[in-house]
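*Asks:* Numbering (UniProt numbering), first residue to last: 1 to 159.
All C-beta atoms, glycine included, are put in the ideal place defined by N, C-alpha and C.
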């Protein structure tokens with residue numbers, strides 16, 4: 001991915017970003033250097049925290065990247081999948097009900113969510129929920145649209 005522009009965030013923008021992530025995910029990223037990066041030929045925008053791509057904007061809404069979620073371990077907006085779903089989710093597939101073992105109750109339709117595997121808790125993807133967290137476990141249907149996953153261009157980007 002070609003970088004179009006990069007600039008450091010002002011302290012008020014950093015505070016707003018940190019408050020949003022605390023509210024959404026219960027995480028408190030702390031860094032000395034926050035830099036926003038925009039790319040050529042893509043809508044991705046990333047915030048590097050101390051040089052690491054920890055936050056991305058999805059439809060102009062800030063949310064942790066897969067790397068960011070693995071670094072900060074969110075406890076909110078979390079969808080957990082079983083071992084059978086790992087390879088599909090890691091390849092960018094949308095998440096189906098049969099693969100989900102649990103989801104936090106704070107998930108509402110259209111929320112951004114973190115998708116983790118159940119055995120080690122590692123985050124595999126970020127997606128957008130189609131249903132409430134309480135309605136995620138079941139036998140059929142697509143419930144999370146994948147937006148970013150392990151191994152995609154955003155995951156491979158290094159500051």
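Using three-state DSSP, classify residue 123 as helix, strand or coil.
*Replies:* Residue 123: strand per DSSP, three-state reduction.
*Asks:* Can the beta-carbon of residue 128 be found closer than 7 angstroms to that of residue 143?
*Replies:* No.
*Asks:* How would you call residue 83, buried or exposed, if buried means at least 16 neighbouring beta carbons within 10 angstroms?
*Replies:* Exposed.
*Asks:* Any contact of the segment 90 to 107 with the segment 64 to 73, i.e. 3+ C-beta pairs under 8 angstroms?
*Replies:* With a cut-off of 8 angstroms, the segment 64 to 73 and the segment 90 to 107 do not count as touching, because too few Cβ pairs lie within range.
*Asks:* Just to confirm, are residue 7 and residue 36 a CB contact at a threshold of 7 angstroms?
*Replies:* Against a cut-off of 7 angstroms, the Cβ pair of residue 36 and residue 7 comes out as a contact.
*Asks:* Might you give, ordered along the chain, the residues of its own chain that have their beta carbon closer than 8 angstroms to the beta carbon of residue 86, omitting 5 neighbours on each side?
*Replies:* Excluding positions up to five away in sequence, the list reads 117, 124.
*Asks:* Would you identify the three-state DSSP class for residue 40, choosing helix, strand or coil?
*Replies:* Of the three classes helix, strand and coil, the one that applies to residue 40 here is coil, per DSSP.
*Asks:* How is the alpha helix (DSSP H) around residue 67 delimited, first residue to last?
*Replies:* Residues 66 to 72.
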